[in-house]
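Take a look at the structure below.
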Amino acid sequence: PQRNDSKSTADLMSRYVSKEMGYGVPKEGWRICLAHEFKEKRKPFQAKDVSLSNVLEHVGLGIRYLKWWYKKTQVEKKAPFIDMFGAQPLRQIYGAPLGGIGGGTITRGWRGEFCRWQLNPGMYHYKTVTANQFTVCLRRGGQTVYQQVLSVERPPTLQGWNWGYCGEYAFYHALYPRAWTVYHLPGQNVTLTCRQISPVIPHDYQDSSLPVAVFVWDIENKNDYALDVSIMFTMVNGSGHKDDKCGGHWNEPFHLEKEGEAVSGVLLHHCPTVNPYTLCIAAREQPDREVSHQTAFSPKGTCSSLWSDLITDGRLDSPTGSSPPTSKGEKVAAALAVSCSVPAQSRNTQEFCLAWDMPKITFGSREREHLRRYTRYFGTKGDVSPSLSHYTLSHYSQWEKRIDEWQRPILQDRYSLPSWYKSALFNELYFVVDGGTVWTELPEDADVSGGVRSEDGGLPAQPAVVKEYGRFAYLEGQEYRMYNTYDVHFYASFALIMLWPKLALSVQYDIAGSVVNQEPTERLHLMSGRYSPVKAKNVVPHDVGDPDDEPWQRVNAYLIHDTADWKDLNLKFVLQVYRDYHLTQDSQYLRDMWPICQAVMESELKFDLDGDGLIENSGYADQTYDGWTVTGPSAYCGGLWLASLCAMCMMARLVDNEEKYRWYRDILDRGSAAFDKLLWNGKYYNYDSSGRDLSNSVMSDQCAGHWFLRASGLGEGDYQAFPKEKIQSALKSVFDLNVMSFAGGQMGAVNGMRPEGVPDRSSVQSDEVWIGVVYGLAATMIHEGMREEGMRTAEGCYRTVWERLGMAFQTPEAYCEKGIYRSLAYMRPLSVWTTLTQTGATDGEAGTEPENQTGVIRNEQQVPLKMTSRVLCSPDPHLQISVSSVADFTFYHLLFASNVL
1 PQRNDSKSTA DLMSRYVSKE MGYGVPKEGW RICLAHEFKE KRKPFQAKDV
51 SLSNVLEHVG LGIRYLKWWY KKTQVEKKAP FIDMFGAQPL RQIYGAPLGG
101 IGGGTITRGW RGEFCRWQLN PGMYHYKTVT ANQFTVCLRR GGQTVYQQVL
151 SVERPPTLQG WNWGYCGEYA FYHALYPRAW TVYHLPGQNV TLTCRQISPV
201 IPHDYQDSSL PVAVFVWDIE NKNDYALDVS IMFTMVNGSG HKDDKCGGHW
251 NEPFHLEKEG EAVSGVLLHH CPTVNPYTLC IAAREQPDRE VSHQTAFSPK
301 GTCSSLWSDL ITDGRLDSPT GSSPPTSKGE KVAAALAVSC SVPAQSRNTQ
351 EFCLAWDMPK ITFGSREREH LRRYTRYFGT KGDVSPSLSH YTLSHYSQWE
401 KRIDEWQRPI LQDRYSLPSW YKSALFNELY FVVDGGTVWT ELPEDADVSG
451 GVRSEDGGLP AQPAVVKEYG RFAYLEGQEY RMYNTYDVHF YASFALIMLW
501 PKLALSVQYD IAGSVVNQEP TERLHLMSGR YSPVKAKNVV PHDVGDPDDE
551 PWQRVNAYLI HDTADWKDLN LKFVLQVYRD YHLTQDSQYL RDMWPICQAV
601 MESELKFDLD GDGLIENSGY ADQTYDGWTV TGPSAYCGGL WLASLCAMCM
651 MARLVDNEEK YRWYRDILDR GSAAFDKLLW NGKYYNYDSS GRDLSNSVMS
701 DQCAGHWFLR ASGLGEGDYQ AFPKEKIQSA LKSVFDLNVM SFAGGQMGAV
751 NGMRPEGVPD RSSVQSDEVW IGVVYGLAAT MIHEGMREEG MRTAEGCYRT
801 VWERLGMAFQ TPEAYCEKGI YRSLAYMRPL SVWTTLTQTG ATDGEAGTEP
851 ENQTGVIRNE QQVPLKMTSR VLCSPDPHLQ ISVSSVADFT FYHLLFASNV
901 L
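Under full-length UniProt numbering, the sequence shown has 723 at position 723, and the numbering climbs by one with no breaks.
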């Protein structure tokens with residue numbers, strides 16, 4: 001049996017000894033005691049984990065990769081896009097990242113450390129900067145009675161500070177984009193609650209781009225006497241990178257007062273030759289608070305002078321003027337303290353802000369300069385940290401109001417949604433921000449059309465949505481460094497289209513422009529050992545490039561396979577175009593994409609070798625499962641093909657092209673018959689139709705095409721590709737075998753399972769669990785009336801990642817039943833948001849325009865709303881429910897579909 005929510009939380013909180021639960025900490029989310037230790041320690045997948053049969057099969061790949069890796073790292077001195085020899089070890093430490101979308105990220109660990117950095121776009125380094133801390137000082141009657149670094153660590157440096165806070169008296173709680181840390185100060189009768197807020201707000205395209213975070217400290221004094229409380233924030237000028245010591249960095253204090261609000265702090269100017277930036281620590285000034293600072297101190301040795309400065313009177317010296325530039329080999333840090341009085345049996349609050357201003361960025365090639373999105377509102381000169389801090393500290397309460405309004409319908413649990421699900425839904429969203437994400441302005445001379453002018457059937461050079469909302473890219477994974485990897489984005493894109501639909505459409509225009517483009521330069525592909533063009537015409541690219549090169553300009557950083565012959569990429573484009581139209585009702589988008597969809601479907605038709613209306617795989621791993629060979633018609637790619645034909649039929653009707661409708665309808669009818677004949681075995685769809693020993697393996701993702709149709713309001717009536725009873729039978733087989741016969745039903749669904757109930761070990765991927773695939777599978781089950789099975793399937797993945805393996809805020813692509821995982825911090829698990837799109841209802845009559853072009857709209861407070869004039873038609877004509885929020889709309893119908901109501 002699955003564990004209940006309270007037991008799982010109790011496991012992570014079992015070492016918490018205090019009864020204090022902090023101020024304003026929500027019930028729902030991911031909660032862990034700072035003294036918790038994860039018992040299970042996993043290792044990353046490496047070459048030694050490949051079975052002998054697979055080693056023999058891939059010996060050529062291994063040799064070619066080794067030669068390529070050596071040239072890339074030792075000759076070119078660049079980072080490989082996938083480093084098989086340098087996988088990140090598992091550090092079970094990460095918490096919610098800081099910052100909005102696309103301005104770079106700084107991740108804090110759940111114990112409070114600043115430990116994962118992505119300021120250079122798309123390039124991560126994993127360094128805990130010891131001196132970046134919060135310290136508390138309590139004073140009574142003019143005497144300091146307690147001073148403590150709020151860290152459980154006992155580092156070998158900075159020994160003049162009081163380290164080793166007892167983690168059993170503190171816990172961390174994450175409900176992204178916010179997190180809370182509660183510290184009960186032993187023996188002091190004081191509880192501190194630090195609330196961390198990042199501006200990640202659905203349907204907001206301004207404040208959500210800001211590179212800032214807020215730390216609000218609520219101080220509860222439960223004594224019968226007043227206390228003076230100071231909190232000190234220390235920050236190193238840099239990120240723990242070797243360029244911290246390159247010299248020329250300097251700090252200066254600042255004060256900014258406008259519109260009746262004042263902030264003070266320290267600017268830390270970090271001046272490497274590439275991508276210079278300014279860090280800023282700031283605090284809000286108020287009449288009963290005193291803000292003080294130390295402009296510069298050296299974060300090495302004992303550092304006891306700073307400690308003594310604070311302990312003397314709870315304030316810092318606050319020198320004027322800037323610090324001299326650092327010498328080579330020297331680091332510099334700054335400190336900011338806020339002091340206030342907290343009366344007996346009372347509470348007071350202090351507000352800090354961290355901002356970082358890197359307005360102009362270059363990628364690894366250094367060829368082009370790009371402007372980050374937030375520069376549209378704050379300027380490009382690199383001097384806006386004071387303004388950013390002032391804006392943040394005077395607006396964060398509005399951000400929290402909007403975050404509350406967005407999350408409340410789900411958190412209020414009106415539909416008996418389990419707690420783990422709410423945590424998964426919001427906390428997995430971290431990757432939208434911390435996926436090496438960049439969000440840039442479209443340069444005035446840019447042309448995203450692929451060079452084909454509109455009159456020639458292509459796209460506009462600067463589509464309105466890209467011009468207005470910018471360019472967006474996120475990595476396949478922090479370790480798989482390719483932007484907008486399209487076969488994976490297919491799963492993850494639900495988070496974007498539901499929450500930031502303009503960014504989802506912007507990505508589609510970029511991909512569409514790349515489709516019609518070509519790059520004939522030939523290069524070696526590592527799996528086949530053959531040379532072929534980097535990018536062929538009229539096919540969807542695998543990715544839009546590597547941040548260590550020049551993304552958008554040079555696509556297809558992935559060179560393991562020649563993806564021009566992959567079977568899934570083109571189909572995933574077509575399915576997303578219709579899904580996006582269905583959710584946004586953006587007719588211009590549909591008109592722009594229709595010719596591109598026709599072009600990629602024309603390219604795809606060449607894979608139907610026998611003309612039966614069904615495409616065939618080519619005897620290698622020619623789809624997103626790029627280590628799992630597939631031959632002939634297959635459940636995964638064949639299903640995506642039929643679903644794409646359904647979508648093309650629907651779009652042909654929408655653009656009034658009856659001839660194309662009949663053309664695609666004919667292929668769909670013939671293809672459906674062939675799919676059924678070649679792959680259905682009476683219980684489920686076979687993995688492929690090759691007749692190999694393992695062709696009848698049960699693939700967990702065999703219903704991917706149907707899943708996407710249902711998420712797009714199709715899959716029934718004229719736009720049905722798969723008989724309902726066969727889908728339900730296939731899902732039952734997957735649940736019985738891939739879920740319940742694997743790891744005791746506690747770890748989600750394994751990718752491939754033999755009908756006799758043992759995992760398919762024929763490839764390095766068939767015996768893995770892919771978390772993002774499992775969330776999509778669960779959504780499909782829920783929609784087909786298998787709510788309990790779907791929830792159990794998804795729950796296994798959530799609990800494995802977040803509660804057992806210590807992989808919070810770094811959900812991997814894959815794990816096996818025992819021992820290993822692969823590719824930490826991966827894009828695909830954003831598919832958890834698909835469970836909110838399984839509505840089974842279109843937004844009105846097919847082909848009609850709603851009164852607003854966006855479908856998902858905002859009211860005056862920019863809260864996401866469905867069209868308020870819409871009424872959800874339930875299966876019972878007497879029961880019609882008026883709905884307003886996206887959450888309401890989707891949950892009502894999800895539950896109708898599951899026969900819950």
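In this text, a Cβ means the ideal position worked out from N, Cα and C, and glycines have one as well.
Just so it is clear, the structure is predicted and the values come from calculations on it, not from any experiment.
CB-CB length for residue i against residue j, believed under 8 Å
i	j	result
S700	V758	Rounded, the Cβ-Cβ distance is 15 Å, inconsistent with contact.
G247	W117	Not really, about 20 Å apart at Cβ, beyond 8 Å.
T130	L150	At roughly 13 Å, the Cβ-Cβ gap does not stay under 8 Å, so T130 and L150 are not in contact.
L310	T105	Not confirmed; about 29 Å, so no contact.
F675	L642	6 Å
D688	V734	The Cβ separation is near 16 Å, so there is no contact.
Which listed residue (the options) has its alpha carbon closest to that of residue i
i	options	result
V216	E351, S634, Q518 and T834	E351
I201	R140, P299, L429 and D510	L429
G477	R828, D11, V59 and M84	R828
A492	L475, F675, E479 and I93	L475
H706	T485, L694, Y719 and S695	Y719
I361	N120, T73 and P89	N120
G103	M747, A512 and D357	D357
S53	S672, P177, K43 and R761	R761
G627	N751, G513 and A504	N751
D693	V465, P755 and L709	P755
D767	P26, L12, D49 and E40	D49
R554	S365, E444 and K724	S365
Residues of its chain near residue i, where Cβ-Cβ distance is below 7 Å and the 5 sequence neighbours each way are ignored
i	result
Q862	In this prediction, Q862 scores a pLDDT of 31, lower than 50, which makes its location untrustworthy; no coordinate-derived value is stated.
V534	E519, T521, R523 and N556
A652	K660, Y661 and Y664
Close beta carbons around residue i, own chain, < 6 Å, minus the five adjacent residues each side
i	result
D447	A461
W110	I32, G95 and Y172
V342	I219, N221, L227, V229 and N348
T842	Any reading at T842 must be qualified, since the residue scores a pLDDT of 25, below 50, and its modelled position is unreliable; no value is offered.
S18	Y169 and H184
Residue i and residue j closer than 8 Å at C-beta
i	j	result
C637	K572	no
Y821	P812	yes
K222	Q345	yes
V698	M753	yes
A599	N657	no
R376	E441	yes
V764	A749	no
A296	S323	yes
G613	R670	yes
L268	A355	no
S690	G632	yes
R64	L526	yes
L336	H293	yes
T193	Y23	yes
A808	W307	no
Y581	L590	yes
G513	G450	yes
H711	T834	According to the sequence as given, residue 711 is Ala; it is not His. Yes; because the gap between Cβ atoms is below 8 Å, this pair is in contact.
H561	D487	no
residue 913	L34	With the chain running from 1 to 901 in the structure shown, residue 913 is simply not present.
V214	T392	yes
Same chain only: Cβ atoms within 8 Å of residue i, ignoring 5 sequence neighbours per side
i	result
D876	Confidence is the limiting factor: at D876 the pLDDT is only 31, short of 50, which leaves the residue's position unreliable and the question unanswerable from this model.
V274	N120, T362 and R366
Residue i: CB within 7 Å of a non-hydrogen atom of the ligand MN
i	result
D760	Among the ligands in the structure shown, none appear at all, so the ligand MN cannot be discussed.
Checklist entry - Does the segment 721-733 touch the segment 682-690, meaning 3 or more C-beta pairs lie closer than 8 Å? => result yes
Item to check | Any 3 or more C-beta pairs closer than 8 Å across the segment 388-405 and the segment 75-83 | outcome: no
Checklist entry - Would you call the segment 54-73 and the segment 784-795 touching, i.e. three or more CB-CB distances under 8 Å? => result no
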